[in-house]
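**Student:**
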Amino acid sequence: MRRFAYLGFDLALLGLATILALILRENLVLDVVKLAELTPFLVVCLIVAIPINIALGLDRAFWRYSVMTDYVRVVIAIGCTIVIATIMTFTYNRMEGISRSVPILQALLAVCMLIGVRISARILFVRRHTSISDHKSRQNHQVGQAIPAPPKGVLVVGLTTLTVLYLRAVAEFGQDSIRIAGIVAHEDTHAGKLISQNQIFGIQEHLPSLLKQLSVHGVFVNSIVVALPFQDLPRRLQDELRDIENTSSIDIEYLPSHLGFRPSYIGQAPFDHTRPLEASQQSTIMPEFSATALMTETRATNLHSPMWRQKRMIDAVAAGILLVCLAPLFLLLVILVALTIGVPTIFWQDRPGVGGKRFKLYKFRTMGNAHDRNGDRIPDENRLNAIGRFLRASHLDELPQLWNILVGEMSFVGPRPLLHIDQAATYTARMSIRPGLTGWAQVTGGRQVSAIEKAALDVWYVNNASVKLDLEILARTVPIALFGERIDLGAIKRACYDLMHSSTSREQTSNVVTEADQATTSLLGISSQTSSVQTT
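Numbering (our numbering), first residue to last: 1 to 536.
#1: Go ahead and label L16 buried or exposed: buried means 16 or more other beta carbons lie within 10 angstroms of its beta carbon, across all protein chains shown.
#2: Just verifying my parser: in three-state terms, what is the DSSP assignment at M307?
#3: Check whether the stretch 338 to 349 and the stretch 99 to 119 are in contact - that is, three or more C-beta pairs closer than 8 Å.
#4: Counting C-beta neighbours from all protein chains within 10 Å, is the total for M88 16 or more, i.e. buried, or is it exposed?
#5: Let's test the definition: count the other Cβ atoms within 10 Å of the Cβ of Q197 and tell me whether it reaches 16, buried, or not, exposed.
#6: Would L543 pass as a contact of V157 if the rule is Cβ separation under 9 Å?
#7: Quick check: what's the CA-CA separation for I433 versus I421?
#8: Start and end of the beta strand (DSSP E) containing V154?
#9: Alpha carbon to alpha carbon, what distance is there between R242 and R3?
#10: Look up R73 in the DSSP assignment and say whether it is helix, strand or coil.
#11: Just tell me which of E381, I314, F62 has its CA closest to the CA of S120.
#12: Compare the C-alpha of V44 against each of A451, L331, R447 and name the closest.
#13: Is P417 helix, strand or coil by DSSP?
#14: I'd like to know if the stretch 376 to 392 and the stretch 303 to 320 are in contact, where contact means that at least 3 CB-CB pairs between them fall below 8 Å.
#15: Taking Cβ positions, are G439 and R416 nearer each other than 9 Å?
#16: Going along the chain, which unbroken runs of the beta strand (DSSP E) with 3 or more residues stay wholly within the stretch 453 to 510?
#17: Tell me the residue span of the alpha helix (DSSP H) that contains E172.
#18: Short of 6 Å in beta carbon distance, which residues of its chain neighbour A441, apart from the five on each side in sequence? Order them along the chain.
#19: Less than 8 Å between the CB atoms is what I'm expecting for M113 and L13, so what's the real figure, rounded?
#20: When you compare only the Cα positions, how much space is there between A475 and V102?
#21: Quick check: the Cα distance between L499 and W460, rounded to an integer number of angstroms?
#22: For P234, I'd like the list of residues in its chain whose CB is within less than 7 Å of its CB, leaving aside the five on either flank, ordered along the chain.
#23: L20 to D59, Cα distance in whole Å?
#24: How should M410 be labelled, buried or exposed, when 16 other C-beta atoms within 10 angstroms of its C-beta is the threshold for buried?
#25: Answer yes or no: do I252 and S209 have a C-beta to C-beta separation smaller than 9 Å?
#26: Cα separation between I561 and A110?
#27: Tell me which same chain residues have a C-beta within less than 7 Å of the C-beta of L437, skipping the five on either side of it?
#28: What's the gap between the Cα of A491 and the Cα of Q310?
#29: For M95, which beta-bridge partners are listed by DSSP?
#30: Tell me the DSSP secondary structure of F125 in three-state form.
#31: Compute the Euclidean distance between the alpha carbons of L11 and I54, then round it to the nearest angstrom.
#32: Do you know offhand how far Y65's Cα is from R122's?
#33: Within a Cβ cutoff of 6 Å, which residues of the same chain sit near R486, ignoring the five residues on either side of it in sequence?
#34: Let me know the secondary structure DSSP gives Q349 once reduced to three states.
#35: Taking all protein chains shown into account, decide if N463 is buried (16 or more other Cβ within 10 angstroms of its Cβ) or exposed.
#36: Determine the DSSP secondary structure at K357, reduced to helix, strand or coil.
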């Protein structure tokens, strides 16, 4: 129920912003005729805003806990809504009687109003919570009661997002028990600044002298909280923390470790490095091709090519244009899926992206609920109806991935993102670039080739990517989407052969280097013996 209230309030503010934009355009005069001419545009805006707000999750976000990410989503939602509504209204009546400046004013007002109410809700919540905490503190400190223990002095080392979260947690839950003595930044550029009214000290400050300086001012540090992994700290700070821990009673707490963060896995997927290859992962086209060939390093020159920046720019522009042009189709599919399959209409899965970074891959929903009313599991074949089969066969269920492309999580062309459980360690070279909506493996093999052959095609693409190859992949995708998949045996054999040859060359180079090192060592030993004989 609250979701509908949030959605309704946003729609009301959007409508109000539209009317206020007209009033501002007409020099603060509300003309009934102009308002009537604005009505079609206003109605289209409100209709278009509903699926966009729901898709971006604006109806599910707590306003009192809103953060910058929520505000960015508001801006994106308003921008998409107004652009799509303007195009649809222009197509309908060429925006008869509506000034071209009205949508611009509407966007500015809507952004200010929708973000403003969220910031206001957050400020009111913080103030109310603070007043409640102060009231409880006054009750606990009444005359006649025992004097409470002094708060624990905490010095924070490292300035990261984790530091900000810790300071917010202390402000909300530990005002009476913890006092922040200051923050030692790991960069000199932040020295002398404030964060949440706490002073930031530069890295040039030695921790022992800083602790003495604080004690002079009556601030005694009982604990040091480190908001960075220990190995990421400068060497001097590491040594000083060890000395303090060994020579004083000050507790050293490493926040990432307490929260269970493992630095080696931060931003990476925990792939199974020991999982053996299954039968489906053996190459039937080239049986001599082994998984070790997939562990070849990608070509550094290709990964640093300017083509990737140009490709990202083209991806963003093309995805934005397609999202606008296909908006009516999106709306139709949302309604169709909601009526025949159910809500939510968008399905997402957690997939590893570039560098193993997790992201949410979006699709239109094609299957019904996984369990019935009694909680029993429904077989997959019974969950798929005619609409779902049509969406899969036509690949229309992939359309929401245009959003993934727009925000930079995917590309139009690249290796398809696998599930984490299917992403073996030997295939990580395929994650050197952004995953794609279509790829070389899809247009040359599709679902009819084994996992190891798909991986070979993906790694081959990473090493040989070019504008020409991308255009070829896009050209091949259209007939495959219309008429079905075809296997290109030549492309698969070429990819496997190139990777095998690259792996063999790398081993030969390694052997040559090892032999050269051994020869050098032998020569040095002979030279040393000769020198000693001459000396004797």
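We put the CB at the ideal spot given by N, CA and C, even for glycine.
**Tutor:** Short version:
#1: With fewer than 16 Cβ atoms within 10 Å of its Cβ, L16 is classed as exposed.
#2: Helix at M307.
#3: Cβ pair count under 8 Å is below three, so no.
#4: By the neighbour-count criterion, in which 16 or more other beta carbons inside 10 Å mark a residue as buried, M88 falls on the buried side.
#5: Burial call: exposed.
#6: Residue 543 lies beyond the residue range present for the chain, which begins at 1 and ends at 536; the question has no answer from this structure.
#7: The alpha-carbon atoms of I433 and I421 are separated by roughly 19 Å.
#8: Element bounds for V154: 152 to 157.
#9: Between R3 and R242, the C-alpha separation is close to 51 Å.
#10: For R73, the secondary structure class from DSSP, reduced to helix, strand or coil, is helix.
#11: Closest by alpha carbon: F62.
#12: Scanning A451, L331, R447 for the CA closest to the CA of V44 turns up L331.
#13: Reduced to three states, the DSSP call for P417 is coil.
#14: Output reads no: the stretch 303 to 320 does not touch the stretch 376 to 392.
#15: In this structure, R416 lies closer than 9 Å to G439 by Cβ.
#16: Complete beta strand (DSSP E) runs here, min 3: none at all.
#17: Run containing E172: 161 to 173, per the alpha helix (DSSP H) assignment.
#18: Once the five neighbours on either side are set aside, the close Cβ partners of A441 are K454, L457, D458.
#19: Right, their Cβ atoms sit about 5 Å apart.
#20: C-alpha separation (whole angstroms): 41 Å.
#21: Distance between the alpha carbons of L499 and W460 is about 7 Å.
#22: Around P234: H186, I203.
#23: Taking the straight line joining both Cα atoms gives about 23 Å.
#24: Classification for M410: buried.
#25: Here I252 is not near S209, since their CB atoms are 9 Å or more apart.
#26: With the chain running from 1 to 536 in the structure shown, residue 561 is simply not present.
#27: A distance below 7 Å between beta-carbons, with the five flanking residues on each side excluded, links L437 to the following residues of its chain, in chain order: E398, Q401, I405, M410, F412.
#28: Each residue's Cα considered, the two are about 26 Å apart.
#29: Residue pairing by DSSP places M95 in no beta bridge whatsoever.
#30: Looking at F125 - three-state DSSP - the assignment turns out to be helix.
#31: Straight-line Cα distance between these residues: approximately 12 Å.
#32: Pairing Y65 with R122, the inter-Cα distance amounts to about 6 Å.
#33: Cβ neighbours of R486 within its own chain (closer than 6 Å, five residues either side excluded): none.
#34: In the structure shown, the three-state DSSP call for Q349 is strand.
#35: Buried.
#36: If DSSP states are grouped into helix, strand and coil, K357 belongs with coil.
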